[in-house]
Each structure stands twice: as structure tokens, then as C-alpha cells.
DNA sequence: CATCATAAGTGAGTTTTCCTCACGCAGTTA
DNA sequence: TAACTGCGTGAGGAAAACTCACTTATGATG
């Protein structure tokens, strides 16, 4: 009951011959060996043998031969799905290399909250000011450029960065205390009646804040949110005082839904743009990074106003 | 011999031999023919010839031969990037098919505003209630499952759906007028002093609304936002009255940042989950769709409260 | 500086893979 | 029933891929 592939000599799990896989995807697309043969400029016998060979290697049937036709099995269709995507990628890769390809939208990976509070709302601006088409993939933590087909990732350098990657600094992180305007008034009198809002994804945030800002008020209690986004929502709803990144609450501060309690301070980390391709062959990367860096710098400059207004 | 030679000239862009491409990616990874030869269990001569052949087909050098080493050219590196990703995909596809592969996070494509106001904020809940890891790709309009490597797409059926796709209905769309609570008070007296907020991405929204709700008030003027998200922001900031989907403003209504003006009404469109794989081989799809449908249904049920409170 | 080791290019010859051809088979159409 | 269609198969052959042996070029070594 281990693997039934293992009874095929001592061949552990090497990938089947590429030609056979290619032949299979074409045959699967037509559900016909004859048409596949025509497309590949060979005889139907060639296709038949390639696929028979592949089935033997994989140890299971990919087609059901019935009457004078062939039908994909469910498993065969499953494989065909995956493979046809891969071979299409391959054709695109080669065509792209040869230069006959229109530019694809850039895919940018970004942690969910930054995505939510900053990137996506500004996509329309990006499009209109640079003409760049961007798709955003909300995904925190580790990055796998290959698997997720990401062009760029935006991350903070609070974890070790793969030295293979190409790194560009965007802007420093600035953290600060925020709350709803109504809560700010209460705080002036009864500071200890308001809870501090914590986030599970940045558990050490308040602790670090207190280390660098010892004068900041003590709060009544602690409320823990599952997600950074929730904490910001909570703060807006008057649940307490949150500790937030300027880049995530810039628009909420601007609209007055949130109010800053004292100045925002750098926490030592930086936002970075990470790219798998170390060469600046692609201008779109540069355009996007430039736009993003400017935007983030603008947040920080505006910050002066925010701070003065409450100090 | 005729078929081969006859299309030599008319061979504009056929993909190079797969073996040569494979050999190239391995050689590129090592920047060494000898190591590549070892990995592929052939002699270095075989690699040398495969790559020479590939360079001839492509019509440009991929390696610079210098000293007793080979170095990738920039172009060669560019090609190697693309190809190594593809071949890794291929290995994954086969390994996945054979069953030796851990489950990957689901990638869901979704229009930006729904992403923003509903999906991403609820990702943490999804994770904790189903254990499912999901990444969200914010991308409106046409869907290319292949190119974007999407597992599922969430869309409204306001455009023709590719009949090849597997479709599951999630919930009907409900539209309604919303504004900031402060604006609601003003409206009771001076309905015509408040503008209606339009969105460029759904230009016909107000018109359709008026057709089905002839009694709804006329507003002073029209403000057009570039993006649906902006219109909602505008409404929250007291800029006027927006026309919004219940699924996008559910949380803002719940928190009181927005207020409904009269009942929400179905606009005839549905939210759909689209999948490229027509067979329910993947339970994760079902889990996600089930979760999403329940969530959206909950919005609609809650709607009764919202409506009564203002009628 | 001669010598050795290493890495790659090359031409001839060989092995392997893949393809074609011709035919058989079963079901479908006329 | 005969003709046709689409696939499977075995034998033989073409093409692709590989090996081998040798060459070149260049660092490293004593």
C-alpha cells in the first residue's frame, strides 16, 4: 500500500518524458488522437504510443478507449488541466522572450492589511497616473515568487530576507497611537477607562512601543484582535486605542475617522519591494516601485501635520 | 522529409525542442555544463550540443563562453528565469497528480472593492472557522484562470460567462442607497442639497435604480468617483448619497458609519463562483464556496433589520 | 615556466527514441 | 453488407540524442 509506482523497476519519481506530456495535453484538448496527430504533424500511431507509454509510467489510465473514440478519464482530465496550464506558460515564456508579447499586468504580493487600507484603494490612481495595470495578491508571510507567479512583493524587513532577492527600500515604518475622535475626548480625562487594542499578527507591537515611548499612557485593559485590520476597525468604532502604521491609517486620519494621539515614530523597520529578477529589465517594476515609494513618503511628510495638531 | 523542410521558412514561432529547453534551465541554474550534465545523467557534450542548438533556433547567445567557464548573458538569464518557473510548475503538476504534494493555498480572484470591503477583512474568520488558507487576487474584469493561476473567481453575472467554466451561484446582488448618519438628517429636510455619488466602473447603476425605484428622491447634483471604493468612502465622509451593494457595505452599516436610506433591492444580478475545473475533485473549493455563500446570505438576511429601521 | 587539472567545443560513430507504415479491429454510417 | 472512421500494434527505419575521444583554452601548482 505504499506507492504502486515503485513496482516499476527502481524509478522513484522522475518526471515523465516531456514529449509524452506534450502529446498528452494536445490529445486531451481534442479528446482525439487523430486530431492531436494532425496538430503535431505526426501520425496517430505516434500519439497512441506516447500516451500508452505515459500511462504505463504513471501507472494508470488517462483515456478510456471505447468504440472508435477515446475519452479522458477523470484523472486524465485532472492531469490535462494542470499540464495545459504549464505548457501554455511555456509557450508564453518563449514568445515573451522572443519579444512577441504584450505587457502583462504586474502582480504584486502584499500583506493583507496594507493591501486593504492602502494599495487597493489607490489602484485607480496608479492606473490613471502611470497607466500601469496592477493586480494585487493579498498574502502575508513567506513569499514564493515561483509558485504564486508574483512579479513584486511588498514586505517589511522584520524577518530574514532571502539574499537571492533584489531589494529596494520604499519607506520606513512609522507607528503611532490612534483612536476615534470621541475616544480622544474621553482620554483627556479618564485615560485608564480605555483599553489598548492588540493584534495577534503583531503581538510585540505595544511592548516595543512602550520601550521607546515610556511616557505614553497606560490603558485600562487589553483587547486582542485576530487581524490588524480588525484592530483598526475597532479603533474607528471607539473600542479603544490602537497602535497602527501610518501607511495603513493615512486615509482614515485624513478623513477624520481616526485621530492620532501624539506623534508617529519610526519603529526601525522598513518597507521593501522585493523582486525575483535582479536585473532592471522591466520598466514596469521601476514605475510601480517609484509610485509606491512616493506615496509612502507622502504619508510620512503629512505626518508632521498630524503630530503638531495633537501635541 | 517534405513536411519538415517545407515549413522551415514558414516556421515563425514554434517552440524549441523541449529537451533543449530543459537542458538549458539546468545549465543556467548551475552556470556550468558539466554540473548540468551530471544532474541529467549525460555527458557534458550532450549539454553543449543541446544548448548550441537552442541558441541557433533562438538566434542569439544564451551563454558567454569565456575562460574555462560559461556565463549567462542577460538575455539568457531572462529566459532562464521564465523557464525555470515553468519547469518547476511542471514538476509540481506531475507530483501533484501523483499525490505527493501538500495542499496549496487557494487563490481566489475577486473584483477590488468586494475584495476590500468584504473578502480580505474576513480572511481571518475563514481561516479560523474552516482552517482554509486563502490568498486573494484583486482583479476585476475578464478572468484568465490559466495566466493568473487562479483556483476560483468571484464575479457578478453582469457579463457573458465563458460556458466552459464551472459556475456556482453564491447570492443575489442587493443595491441600496447609503449615506453618513449626519447626511441622513439633512436629507429629511433638504433632499435637494445633497449630491448623488456615481462610480465610473458602474455608470448605469443610478439609472437602473431609478427605473425600479421611481419614488426615490432626486438629488442636487452628481459627483463621479473613479472607483467604487472611493464612492463608499465619499458617502462615509458625508459627501452625498451612494448606491452600494449590501455585500460591500454590510460592515459599515453594522458599525454605523453608514446608514441605509430605505430598503435594499435585488438588481437582478447574482454573485457567482467560477472555477476552471468542472469536477469537484477539490474539497477546498467546496469549503470556500460554502463559507462565502453563507456569509453573503447572512448579509441579505440582516438586511431586513436595516430596512425596517428606516422605513 | 613547465605541468597538471578543469571546463567546454567538436566530429565521428553509436545508441535510443520516436516515428511511419501497413495492417487489424471494432463500431458507425450508408 | 460494404465502406468508413478512429485507434492499437509490430516491424522497420529515420532522426534525435548521446558517447567517445580528442582539442583548445585557461587557471592553478610546484
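Protein chains in written order, with UniProt numbering: chain R, 1 to 311; chain A, 1 to 311. Using N, Cα and C, we set each Cβ at its ideal position, and we do this for glycine too. If you're wondering where the values come from, they're calculated on a predicted model, not measured in any experiment.
Pick out whichever of the options has its Cα sitting closest to the Cα of residue i.
i, options, result
"residue 209 of chain R", "R:130, R:284 and R:264", "R:264"
"residue 251 of chain A", "A:300, A:286, A:218 and A:221", "A:300"
"residue 230 of chain A", "A:220, A:221 and A:243", "A:243"
"residue 119 of chain R", "R:129, R:138 and R:131", "R:138"
"residue 271 of chain R", "R:98, R:114, R:46 and R:74", "R:114"
"residue 69 of chain R", "R:92, R:96, R:36 and R:126", "R:36"
"residue 60 of chain R", "R:136, R:235 and R:73", "R:73"
"residue 273 of chain A", "A:48, A:186 and A:287", "A:287"
"residue 185 of chain A", "A:175, A:294, A:260 and A:126", "A:260"
"residue 285 of chain R", "R:269, R:30, R:126 and R:147", "R:126"
"residue 140 of chain R", "R:202, R:30, R:218 and R:177", "R:202"
"residue 193 of chain A", "A:207, A:180, A:262 and A:240", "A:240"
"residue 312 of chain A", "R:233, R:282, R:258 and R:226", "The displayed coordinates of chain A run from 1 to 311. Any statement about residue 312 of chain A would go beyond what the structure contains."
"residue 293 of chain R", "R:302, R:171 and R:112", "R:171"
"residue 183 of chain A", "A:236, A:157, A:15 and A:166", "A:236"
"residue 75 of chain A", "R:97, R:283 and R:289", "R:97"
"residue 67 of chain A", "A:38, A:254, A:32 and A:46", "A:32"
List, in chain order, every chain R residue whose beta-carbon is nearer than 7 Å to that of residue i.
i, result
"residue 112 of chain A", "120 and 123"
"residue 89 of chain A", "86 and 89"
At a CB-CB cut-off below 9 Å, which residues of chain R make contact with residue i?
i, result
"residue 16 of chain A", "94"
At a CB-CB cut-off below 9 Å, which residues of chain A make contact with residue i?
i, result
"residue 115 of chain R", "115, 116, 120, 136 and 138"
"residue 204 of chain R", "Per Cβ cutoff of 9 Å: no residues; residue 204 of chain R is ~19 Å from chain A at best."
"residue 97 of chain R", "58, 75, 78, 79, 82 and 83"
Going by other Cβ atoms of all chains shown within 10 Å of its Cβ, with 16 needed for buried, is residue i buried or exposed?
i, result
"residue 143 of chain R", "buried"
"residue 41 of chain A", "exposed"
"residue 215 of chain R", "exposed"
"residue 155 of chain R", "buried"
"residue 249 of chain A", "buried"
"residue 188 of chain R", "exposed"
"residue 173 of chain R", "buried"
"residue 131 of chain A", "exposed"
"residue 163 of chain A", "exposed"
"residue 51 of chain A", "buried"
"residue 25 of chain A", "buried"
"residue 122 of chain A", "buried"
"residue 339 of chain R", "In the structure as shown, chain R starts at 1 and stops at 311, and residue 339 of chain R therefore has no counterpart that could be examined."
"residue 246 of chain R", "buried"
"residue 28 of chain R", "buried"
"residue 275 of chain A", "buried"
"residue 58 of chain R", "buried"
"residue 99 of chain R", "exposed"
"residue 56 of chain A", "exposed"
"residue 135 of chain R", "buried"
"residue 161 of chain R", "exposed"
"residue 332 of chain R", "With chain R covering 1 to 311 only, the question about residue 332 of chain R has no answer from this structure."
"residue 6 of chain A", "Confidence in residue 6 of chain A is poor, its pLDDT being 37 and thus under 50, which makes the residue's placement unreliable; the coordinate value appears in the next sentence. Under this definition residue 6 of chain A is an exposed residue."
"residue 48 of chain R", "buried"
"residue 233 of chain A", "buried"
"residue 298 of chain A", "exposed"
"residue 181 of chain A", "exposed"
Anything in chain A within Cβ reach of residue i, meaning under 7 Å, just list it in chain order.
i, result
"residue 19 of chain R", "18"
What does residue i touch in chain R if you count any residue whose Cβ is under 8 Å from its own?
i, result
"residue 128 of chain A", "226"
"residue 81 of chain A", "276 and 277"
Mind listing the chain A neighbours of residue i? Cutoff is C-beta to C-beta under 8 Å, in chain order.
i, result
"residue 255 of chain R", "233, 236 and 237"
"residue 271 of chain R", "Near residue 271 of chain R there are no residues of chain A at all, since even the closest Cβ is about 19 Å away, more than 8 Å."
* To do: Would you be able to state if there are at least three C-beta pairs under 8 Å between the segment 68-80 of chain A and the segment 16-30 of chain A?
  => yes
* How do the segment 103-118 of chain R and the segment 143-157 of chain R stand: do at least 3 beta-carbon pairs fall below 8 Å, yes or no? -> yes
* To do: Closer than 9 Å, Cβ to Cβ, to anything on chain R: give me those residues from the segment 141-169 of chain A, in chain order.
  => 145, 146, 147, 148 and 149
* Residues within the UniProt domain "HTH lysR-type" (16-73) of chain R neighbouring chain A, beta-carbon criterion of under 8 Å -> 16, 18, 19, 21, 22, 41 and 58
* Taking contact to mean at least 3 C-beta pairs separated by less than 8 Å, is the segment 191-202 of chain R in contact with the segment 215-229 of chain R? -> yes
* On the three-pair Cβ rule with 8 Å, is the segment 88-96 of chain R touching the segment 85-95 of chain A? -> yes
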